[in-house]
Amino acid sequence: MRLATIARDAGIPVNVPDCPHLCSFYLGAIVERDPVTVAISTSGFSPVLAQRLRARLEDMLPTGYGRLATYLNRIRHRLRHLPAARRRGLQHQIIESDIGARIIDGDSVQADSWVIARLTTQPASGSGRLRVIESGHDDPDHLPRPAAEAIRNADVIIPPQGRPPAMLSIARREVELLAAAPKARRKLADERLARGLDVVILTNDGIDRTARAGISA
């Protein structure tokens, strides 16, 4: 403890194993998938938990996962001229599809062909996607995975009237939030869908009632 105090007084960073209260910095667990780096810290509370999380992430992320980041960076200049929503959508498609898996395995030839085909094809008018999600329980931790992904990837979210639901906390910072009465939701959604935007309607009226109002999930 005395050495830790002397070091702190001298402005020297201190780490004392198993004594978080004496530490001015902590050694996190690292998952390295160059150029992707994931750091995990429990602020010294439980190194064993950090190690466990690192092991789970290492199982989730193949050793070649960094190739995906490198590839997406390489094609940024090709996508720069696209509207933000379409640019982001194409990257999501690469990440979540077999194309991404091939890149991770070291094969980017098919990915290049896929990107060129998408860039030379005009998207169909009204190619945005609509999702209707029940917000009654208001807890993002209890959302089904498809619903959570829809909220995270949405360009536009139309929440129910009144207090914004807690599940908005997982939405992107730049998402467009539109307040609307139930009868006006469809018109607002259609306008954004026609621009190729992905729209999520959060409802506490129940999916069936929302569908009867002219909006289907």
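Residue 19 is where the sequence shown starts when you use my numbering, and the numbers rise one by one after that.
Cβ coordinates follow ideal geometry from the N, Cα and C atoms, glycine included.
Just so it is clear, the structure is predicted and the values come from calculations on it, not from any experiment.
Cα atoms of M78 and P200: separation of roughly 41 Å, rounded to the nearest angstrom.
Taking all protein chains in view, the Cβ of I176 is crowded by 16 or more other Cβ atoms within 10 Å, so the residue is classified as buried. DSSP places R26 in the helix class (H, G or I) of the three-state scheme. Going by DSSP, V56 is part of the beta strand (DSSP E) stretching over V54 to I58.
Distances from the alpha-carbon of E76 to those of V34, I121, I48 and A212 put I48 closest. The alpha-carbon of I134 is positioned some 11 Å away from that of L108. Bridge pairing for I151: L220 [DSSP]. Closest by C-alpha distance to G180, out of D156, H160 and I188, is D156.
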